[in-house]
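**Student:** First the structure, then my questions, so here it is.
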Amino acid sequence: MSIRFFEKIRFDVHNLGMATDRHQAPSYPLRMPDELKARVQAAAEESGRSLHAELLARLEGSFRAENESFKREIEAQVSSVLARSDTLSLRIDLIKSRMDNLFTRAHLISSETERMAKDAQTDEDFAKAEARIAEYNEIQTEAAALGAQAEQLIAERDAELQRMHTLKEALREYRERLEAKPASRPKT
Numbered sequence: 070m071s072i073r074f075f076e077k078i079r080f081d082v083h084n085l086g087m088a089t090d091r092h093q094a095p096s097y098p099l100r101m102p103d104e105l106k107a108r109v110q111a112a113a114e115e116s117g118r119s120l121h122a123e124l125l126a127r128l129e130g131s132f133r134a135e136n137e138s139f140k141r142e143i144e145a146q147v148s149s150v151l152a153r154s155d156t157l158s159l160r161i162d163l164i165k166s167r168m169d170n171l172f173t174r175a176h177l178i179s180s181e182t183e184r185m186a187k188d189a190q191t192d193e194d195f196a197k198a199e200a201r202i203a204e205y206n207e208i209q210t211e212a213a214a215l216g217a218q219a220e221q222l223i224a225e226r227d228a229e230l231q232r233m234h235t236l237k238e239a240l241r242e243y244r245e246r247l248e249a250k251p252a253s254r255p256k257t
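Using our numbering, the first residue of the sequence shown is number 70, and each one after it goes up by one.
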């Protein structure tokens, strides 16, 4: 009769936690419903793998799928933020264009009002000049409102760009952790 002594199993450093000899590999008893075992065995036969290899492939695949799902979610959020940022930029450009038009009109009205005031002879001429001054004041008020609106849109766009940067940073850190994980598997 032989007596077997079991010692701590040594792992190959270059094999990322796998035993160098399959008989040295630690055993992990796994209980699963008969239906599930039959499905896994059928999949193993179909793929030409052993039951053990099929289980490992499916486990690894589930982690890859989870990682891909996370990556797609972050990329979708980044795309959404970029689209929102582009929309805000277009609105800002539109406001700037409207402000340029207002300033041009204000300049023309100012010049015209100055000329009208110099040439005014009657009360009617002065009334026309005052109407133009009122129009000039309305343009200045509208330009100030547009300026405030542009500042708000710029702040929103900057916040969206910061959010995009944060998402990209989270994705970068997640990728780094994923790349570091295989190296951190137990070796003893």
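Ideal Cβ placement from N, Cα and C applies to all residues, glycine included.
Bear in mind that the values here come from a model prediction, so they are computed numbers and not experimental data.
Once you ignore the five residues that flank L215 on each side, which residues in its own chain have a CB closer than 8 Å to its CB?
**Tutor:** I164, R167, M168, L171
**Student:** At which residues does the alpha helix (DSSP H) containing T24 begin and terminate?
**Tutor:** No statement about residue 24 is possible, as the shown extent of the chain runs from 70 to 257 and does not include it.
**Student:** Between the Cα of R127 and those of R141, R153, Q110, I143, spot the shortest distance and give me the residue it belongs to.
**Tutor:** Q110
**Student:** Does the stretch 175-186 come within contact of the stretch 234-250, defined as at least 3 CB pairs closer than 8 Å?
**Tutor:** no
**Student:** Can you tell me the Cβ-Cβ gap for Q209 and A175, rounded? I've got them flagged as a contact below 8 Å.
**Tutor:** 7 Å
**Student:** Tell me the DSSP secondary structure of G130 in three-state form.
**Tutor:** helix
**Student:** In three-state terms, what does DSSP make of M101?
**Tutor:** coil
**Student:** Assign R118 to one of three DSSP states: helix, strand, or coil.
**Tutor:** coil
**Student:** Can you give me the C-alpha to C-alpha distance between S119 and L236, rounded to a whole angstrom?
**Tutor:** 41 Å
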